[in-house]
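Novice:
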Amino acid sequence: MSVDVGQPNQEELPKRLPRATRRLRLGFVGGGRGAFIGEVHAMGARLSNRWEVVAGALSSDPETARQSGADWLLPSDRIYTDYRDMAAAEQKRLDGIDAVAITTPNNSHHAIASAFMERGIDVICDKPLCNTVEQARDLVEQQKRSGLVFAVTYAYASHPMVRQIREMVRAGRVGQIKQIHVEYFQEWALQPPAQFSKGAEWRLDPAKAGETFTTGDIGTHAHHLACFASGLEMTELRAEFHVTGAPKPLEDTAFMQVRFQGGVPGTLMVSQAAAGTHCGLRLRIFGEVAGIEWNQETPEYVHFTPVQAPAQTIMRGEGADVGRAAGRLIRMPRGHPEALTDAWANIYTEFAVAVDARRSGRILPEGLIEMPTVLDGMRGVEFVQAAVQSNDLGGAWVRIAGLEMGDR
27 MSVDVGQPNQ EELPKRLPRA TRRLRLGFVG GGRGAFIGEV HAMGARLSNR WEVVAGALSS
87 DPETARQSGA DWLLPSDRIY TDYRDMAAAE QKRLDGIDAV AITTPNNSHH AIASAFMERG
147 IDVICDKPLC NTVEQARDLV EQQKRSGLVF AVTYAYASHP MVRQIREMVR AGRVGQIKQI
207 HVEYFQEWAL QPPAQFSKGA EWRLDPAKAG ETFTTGDIGT HAHHLACFAS GLEMTELRAE
267 FHVTGAPKPL EDTAFMQVRF QGGVPGTLMV SQAAAGTHCG LRLRIFGEVA GIEWNQETPE
327 YVHFTPVQAP AQTIMRGEGA DVGRAAGRLI RMPRGHPEAL TDAWANIYTE FAVAVDARRS
387 GRILPEGLIE MPTVLDGMRG VEFVQAAVQS NDLGGAWVRI AGLEMGDR
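Numbers 27 to 434, taken from the numbering used here, label the letters of the sequence shown in order.
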């Protein structure tokens, strides 16, 4: 039995994404000196060959903003010290930005995204989308009213082999889904908060990060990956938060029992204080007739284990059971490794295709691009809220609020 998520057969869609007619112009808010994630965004945008970074308000500190803009080789008249000034000035320019990338702390995402959407500028925003469900739903409504493109950078979903799993599940290769398990383990928050890097210390400030540390930071990645690959929304959970590393004001570890649509059970485990781990994001889906597994640290391989048949390892590349949805995002032949920067390039490629289509009035075939959107961002915030409520209630089951699948 296949999982019907209302998407067309990939074999009916074009084999390749539309070619670019020009490089689109991208601006940044955040991402200046000491901000790791801003550099990751910029590398992905440049590697996609679809974007030119032309403007930025790269820090809330004016001097850091100016120095960072010079580091990025931005024109002096397009280095801004306030994102509101940037939105207003770029809207007026004939060569103004086509889109903005938001790489700031969580609590600022809503205001920044709103400022640019009001100016008719498309948005790509880091996750989590924001700190409250009310703000997340407001951004969804703003996007609906404006018709703008709004992507959220759950970049792991842009690995070709994650798309491969999604396609295999849709095709019924695992049968009816019976279990879903996802985990994400890191070790960097074992240390005392005083030793955190400058770009990370805000993650323990509830005024900026919200009510969670690890659940919002990497738990949202785990939640999105499980839902995206399986095609099933998470419906309820029970969560326990822990501090297992050095003392800190917010959790560095969370263990959850979860349920997906149709009552499918599963687990979600995340920790940033798991000694000896690095970036261990692992997904396993078990169905009636097969299991399927992907590990972010070896992203080019999918392990497929049918019942009473030889296990298979499917490697990224053309042919050899790799489907069309994955094939559209492949950059190199087998044997020439791809990794996280390529996944970031893929999300920026799909974002560019969507922005170019909107600006030229073209309608893309449904299912051609599958980048995470503001709706996925909202669901991540709803997931975090449910986890906080469950932990506060001593690990009680809590239903995750949200839109119905038909509104996705």
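Even for Gly, the Cβ is constructed at its ideal location relative to N, Cα and C.
Val424 bridges to which residues according to DSSP?
Specialist: Leu263, per the DSSP bridge assignment.
Novice: Which class does Asp108 belong to by DSSP, given the choice of helix, strand or coil?
Specialist: It is coil, neither helix nor strand.
Novice: Closer than 6 Å by C-beta to Leu429: which residues in its own chain qualify, once you throw out the five before and the five after it? Chain order, please.
Specialist: Note that Leu429 scores a pLDDT of 46, beneath 50, so its modelled location is shaky; the value from the coordinates is reported in the next line. So no residue of the chain qualifies.
Novice: Counting only runs of 3+ residues fully inside the stretch 84-164, write out the beta strand (DSSP E) ranges in chain order.
Specialist: Listed in chain order, the complete beta strand (DSSP E) runs (minimum 3 residues) inside the stretch 84-164 are 125-128, 148-151.
Novice: Identify whether Pro40 lies in helix, strand or coil by the three-state DSSP scheme.
Specialist: In this structure, Pro40 counts as coil in the three-state DSSP scheme.
Novice: Give the straight-line distance between the Cα atoms of Val55 and Ile63, rounded to the nearest whole angstrom.
Specialist: Going from the Cα of Val55 to the Cα of Ile63 covers about 12 Å.
Novice: For Tyr374 and Phe176, what's the separation of their Cα atoms in angstroms?
Specialist: In a straight line, the C-alpha of Tyr374 is about 12 Å away from that of Phe176.
Novice: Secondary structure at Glu193, three-state DSSP: helix, strand or coil?
Specialist: Helix.
Novice: In the structure shown, what three-state DSSP assignment does Leu419 receive?
Specialist: The answer is coil: DSSP assigns Leu419 none of H, G, I, E or B.
Novice: Near Leu355, which residues of its chain fall below 7 Å by C-beta distance, leaving aside the five closest residues on each side in sequence?
Specialist: The residues are Ser184, Pro186, Arg189, Asn372.
Novice: Give the C-beta separation of Val348 and Ile340 to the nearest angstrom, bearing in mind that I take them to be a contact with Cβ-Cβ under 8 Å.
Specialist: Val348 to Ile340, Cβ: 7 Å. Contact.
Novice: How many Å lie between Phe239 and Gln298 at the Cα?
Specialist: Answer to the nearest angstrom: the Cα atoms are 9 Å apart.
Novice: Just curious, the beta strand (DSSP E) that Met341 is in, first and last residue?
Specialist: 338-341 is the extent of the beta strand (DSSP E) around Met341.
Novice: Beta strand (DSSP E) containing Ser297: first to last residue?
Specialist: It spans 290-297 - the beta strand (DSSP E) in which Ser297 sits, taken as one unbroken run.
Novice: Relative to the alpha-carbon of Thr399, which residue among Arg199, Val166, Gln212 has its alpha-carbon at the smallest distance?
Specialist: Selected option, being the one with the closest Cα: Val166.
Novice: Consult DSSP for Asp433 and reduce its assignment to one of helix, strand or coil.
Specialist: A caution first: Asp433 carries a pLDDT of 43, below 50, which makes its placement in the model unreliable, though a value can still be read off. Helix.
Novice: Could you give the residue range of the beta strand (DSSP E) that holds Val75?
Specialist: At residue 75 the sequence reads Asn, which differs from the Val that was named. Segment: none, Asn75 is in no beta strand (DSSP E) and carries neither H nor E.
Novice: Looking only at its own chain, which residues have a Cβ that is under 7 Å from the Cβ of Ala422, when we skip the five neighbours before and after it?
Specialist: Closer than 7 Å at Cβ, skipping near neighbours: Arg264, Ser416.
Novice: Within the same chain, show all residues whose beta-carbon is closer than 8 Å to that of Pro88, passing over the 5 residues directly before and after it, in chain order.
Specialist: These residues qualify, in order along the chain: Thr107.
Novice: Taking the beta strand (DSSP E) that Arg436 belongs to, which residues open and close that run?
Specialist: Nothing about residue 436 can be reported from this structure: the residues present for the chain run from 27 to 434 only.
Novice: As an exercise, report each continuous beta strand (DSSP E) stretch of at least 3 residues that is fully enclosed by the stretch 322-406, in chain order.
Specialist: The qualifying runs are 327-332, 338-341.
Novice: Tell me Arg285's beta-bridge partners as DSSP assigns them.
Specialist: Bridge partners of Arg285: Glu262, Pro291.
Novice: Enumerate in chain order the residues of its own chain whose CB-to-CB distance from Gly353 is below 8 Å, with the five nearest sequence positions on each side excluded.
Specialist: If we look at Gly353 and ignore the five residues flanking it on each side, its Cβ neighbours are Lys41, Pro186, Glu344.
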